[in-house]
Amino acid sequence: MTIIHNLGFPRAGAQRELKRSLEAYWAGQASQEELLETGRALRAHHWDVQSKAALDLVPVGDFAWYDQILEWTSLLGVVPARFAQSDDAPVSLDTLFRMARGRAPSGTPVAACEMTKWFDTNYHYIVPEFTPGQTFRIAREDLFEQIEEAQALGYKVKPVIPGPLTWLWLGKGDAFKGVADPGKLALLDALLPVYEQVLARFKTQGVEWVQIDEPVLALDLPEQWQEAFRRVYQDLNQSGLKLLLATYFDDLHENVELLTDLPLAGVHVDAVRAPAVLQAVQAILGPEQVLSAGVISGRDIWRVDLEHLSQSLQALKLDLGERLWIAPSCSLLHVPVDLRSETGLDAELKSWLSFAVQKLDELKLLRGLLDGTLDEAGQQAVQTQQAALKTRRESKRTQHPAVQAQMANIDQFRRQRAPFAQRIDAQRNKLNLPAFPTTTIGSFPQTTEIRTARRDWRGGALSDAAYEKAMQAEIEQVIRFQERIGLDVLVHGEAERNDMVEYFGELLGGFAFTQNGWVQSYGSRCVKPPIIFGDVVRVTPMSVAWSAYAQSLTERPVKGMLTGPVTMLQWSFVRDDQPRADTCRQLALALREEVGDLERAGIRVIQLDEPAFREGLPLRKGDWQDYLDWAVDCFRLATSVVSDATQIHTHMCYSEFNDIMPSIADMDADVITIETSRSNMLLLEAFEGFEYPNHIGPGVYDIHSPNVPDKDWMLRLIQEAAKRLPAERLWVNPDCGLKTRGWAETEASLLAMVEAAKVLRAAA
Ligand code: GLN
Ligand code: ZN
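Printed below as a string of structure tokens:
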């Protein structure tokens with residue numbers, strides 16, 4: 175029989191049990207024993223689910239209290255000096271939590287380690303921090319205990335660990351320059367012996383297969399990193415264990431060569447992202463080596479065509495026989511747990527979807543098809559699935575004739591506004607703003623009253639009229655506040671929005687929402703990405719009434735606030751039956767209508783937030799331009815309906831943008847507000863070789879911190895910016911929205927920010 179296995183299971187629990195338990199523990203409301211028990215119960219349950227799905231090997235090591243990379247970092251005893259970890263004591267759970275979030279029930283609070291995105295996913299890992307003379311040792315026993323735990327329950331386990339090269343690549347340290355710094359490879363001398371010790375421990379535990387994750391193989395690797403693969407795997411092969419090297423998220427391209435003659439028992443590849451990778455690896459596979467084909471997507475929620483998939487694997491199966499394994503493409507961490515928890519989705523839509531538990535069922539059916547061993551129930555299940563896919567292909571609800579007609583003529587929509595110089599003159603006349611205009615990014619503090627009003631209205635406890643009144647009162651208060659503080663371009667405050675994507679998605683056609691479709695974003699935080707299942711269509715204006723009401727209260731310009739097309743796409747599960755670029759264009763067309771309506775309602779400034787613009791970049795540089803071309807096109811498509819005098823803003827955060835500045839300029843927004851204060855205006859380096867042509871507001875107030883920024887400090891940041899960019903192009907604004915802040919600090923901070931702008935104006 176073809177072996178089926180899994181790279182990792184979502185750890186938080188279908189009802190976010192781990193989140194609740196973690197937060198109770200952190201808040202001092204639950205003991206560590208209770209937390210440990212929650213973890214143990216979740217692991218046992220997840221192994222049970224996986225073994226019921228007939229997996230031949232269940233993963234161990236995919237569980238993490240906060241993050242799987244942090245688990246590994248602490249197992250290796252890599253704890254930065256500020257956490258005062260002694261060299262011979264084990265790393266405690268509270269130290270692990272302090273590394274993740276700065277504080278824990280015990281131990282001194284200290285600056286947390288950095289957190290950043292895991293490849294091209296929306297999951298965040300804790301960045302390992304190391305020093306040039308870094309030492310390593312086995313400093314936590316959790317993983318070994320979990321192996322025992324699974325074995326005691328009778329499962330055949332496959333430990334899953336980060337590969338040394340991926341782990342080093344992801345780490346940082348003052349002595350190292352960025353991810354690719356080959357200087358980090360010098361740490362291998364000390365690191366590999368500890369990997370060997372870990373593998374030796376596995377061996378004494380009776381482990382046969384170990385999965386070692388090296389997703390860096392999907393990246394453009396500098397030569398020294400490529401060369402290190404041979405050394406590392408020759409070394410680790412001494413363990414006598416069977417090593418399954420796992421890569422995912424993209425093709426291997428030239429890195430496939432690195433695997434030739436590498437002493438591995440097997441290689442896992444992502445055949446969903448890159449179907450051709452199967453042939454490429456097959457070609458270099460040794461006579462004993464296993465090829466694990468990742469054929470069920472760990473990144474989306476669509477059921478697959480099992481018959482087609484099975485046929486496409488026949489040739490490989492014929493060639494490799496038992497040496498062909500099948501699995502999800504990557505860890506199932508990135509999909510929700512169980513579709514059966516969804517009671518709000520209709521039966522048809524549900525029949526198209528597959529969450530982690532269902533994906534394992536699909537895997538089992540696929541094996542049955544491939545091996546010709548399906549029993550009657552299995553055949554029935556395959557037939558049901560094939561029928562569901564047929565309804566999806568033929569469904570009218572995924573197609574909207576008017577949108578299709580627009581898409582057929584997509585080139586006819588204007589993307590080119592008049593030259594910026596001409597626009598900005600028209601805008602100056604209309605807006606009459608001072609030098610160094612001040613504004614905010616959109617949201618104001620979301621108080622308990624606001625959340626309660628929204629919840630009551632959704633639940634039916636608050637009438638439409640009462641809800642509208644409550645929101646209008648909030649808008650009025652926010653407008654008066656901004657006038658009093660002296661801001662120049664005002665916002666309505668976004669009180670009506672729970673989430674910047676969900677709010678619009680719920681009003682657009684083509685989107686569906688789950689009740690429990692939680693996916694871990696970081697630590698205890700989970701998100702419920704919307705599902706774009708059909709053509710996106712604007713059925714009703716979405717923001718016009720709120721913005722128009724806000725504008726009716728003041729003479730100053732109020733910014734209309736929208737979420738941009740790329741961000742809407744990036745933070746959703748996207749349909750797989752058409753190119754992402756097409757779905758993005760549909761989103762752009764819908765937003766374009768909203769932009770036009772806002773302008774007609776008298777809104778003079780319109781902002782489309784694109785915080786996820788950079789996240790959409792493919793892993794390989796060679797694929798960047800294609801993405802940037804359509805992403806920029808979508809933004810222009812959404813915004814180029816307005817007259818010269820209407821000012822278009824965009825906002826970006828969460829990343830550094832230096833390497834894509836020319837594309838950001840190409841979006842041709844009149845004004846971009848952009849996160850910079852956390853990185854101390856690192857962004858400005860981008861302007862050494864490239865002059866940003868339009869207006870720009872480098873964020874001077876770090877809204878991620880409750881601290882009130884000092885006026886002189888903000889002043890200095892803007893003066894820094896003015897050395898590199900003409901002063902008349904600069905705006906003064908915070909880094910991001912204020913919805914997570916309290917009112918008191920918001921007021922003090924914005925007052926100081928406006929004061930800083932006044933000083934600049936006086937000096938000009
Ligand atoms: N307009 C949004 C806000 O202010 C932007 C949020 C974001 O950039 N993530 O909340
Ligand atoms: Zn932001």
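Residue numbering for the sequence shown follows our numbering, beginning at 175 and increasing consecutively. We put the CB at the ideal spot given by N, CA and C, even for glycine.
Judged by pairs of C-beta atoms under 8 Å, the region 306 to 320 touches the region 354 to 364, as three or more such pairs exist. V652 is a Cβ neighbour of A669, given a cutoff of 9 Å. In this model, I870 and A448 are separated by some 39 Å (Cα to Cα). Straight-line spacing of the CA atoms in Q408 and P389 works out to 18 Å. The count of Cβ pairs closer than 8 Å, one atom from the region 656 to 671 and one from the region 723 to 740, reaches three, so the stretches are in contact.
For D387, the Cβ stays outside the 8 Å cut-off from all heavy atoms of the ligand GLN. In the same chain as A198, and ignoring 5 residues on each side of it, the C-beta atoms closer than 7 Å to its own belong to A204, in chain order.
Looking at L342, I892, D909, G616, the one whose alpha-carbon comes closest to that of A901 is I892. With fewer than 16 other beta carbons inside 10 angstroms of its own, W887 counts as exposed. Sequence-distant partners of S471 (beyond 5 residues in either direction) whose C-beta falls short of 6 Å from its own C-beta, in its chain, are V446, S503.
With respect to the C-alpha of S923, the residue from G697, A278, P619 having the closest C-alpha is P619. Distance between L791 and E767, taken at the CA atoms: about 27 Å. Distance from the C-beta of E919 to the nearest heavy atom of the ligand GLN is not below 8 Å.
No heavy atom of the ligand GLN is found nearer than 8 Å to the CB of S525. In this structure, K702 is the residue among Q601, K702, A374 with its C-alpha nearest to the C-alpha of E516. Pairing F318 with R272 gives a Cβ-Cβ distance that is not under 9 Å.
By the beta-carbon neighbour count (other beta carbons within 10 angstroms, threshold 16), M735 is buried.
Distance from the CA atom of L452 to the CA atom of E919, rounded to whole angstroms, is 55 Å. Contact between the region 543 to 559 and the region 479 to 488 is present, with at least three C-beta pairs closer than 8 Å. Per DSSP, W499 is one residue of the beta strand (DSSP E) stretching across 498 to 502. Nearest neighbour of S505 by Cα position, chosen from Y297, A454, D807, turns out to be Y297. Per DSSP, reduced to three states, the secondary structure at E668 is coil, with no helix or strand assignment. Taking a cut-off of 8 Å on C-beta distances, the region 907 to 915 does not touch the region 859 to 868, as fewer than three cross pairs fall below it.
For S617, same chain residues with a beta-carbon under 6 Å away, outside a window of 5 residues either side, are E668, G911, L912, K913 in chain order. In the three-state reduction of the DSSP assignment, H179 falls in the strand class. Relative to the ligand GLN, the beta carbon of H825 is positioned inside 8 Å of a heavy atom.
A residue is called buried once 16 or more other Cβ atoms fall within 10 Å of its Cβ, and N881, having fewer, is exposed. Around the beta carbon of V713, fewer than 16 other beta carbons sit within 10 angstroms, so the residue counts as exposed. The C-alpha of F183 lies about 21 Å from the C-alpha of L270.
A residue is called buried once 16 or more other Cβ atoms fall within 10 Å of its Cβ, and H220 is buried on that count. Take G679, set aside five residues on each side of it, and the residues of its chain with a beta-carbon closer than 6 Å to its own are F685, P704, in chain order.
For S195, the enclosing alpha helix (DSSP H) begins and ends at 191 to 200. Your pair S195 and T212 checks out as a contact, with CB atoms roughly 4 Å apart and the cut at 8 Å. Between K533 and G552, the gap from beta carbon to beta carbon reaches 9 Å or more. The alpha carbon of N690 has as its nearest neighbour, out of G187, R654, Q601, the alpha carbon of G187. Closest in C-alpha terms to L327, from the list V232, A896, T847, comes V232.
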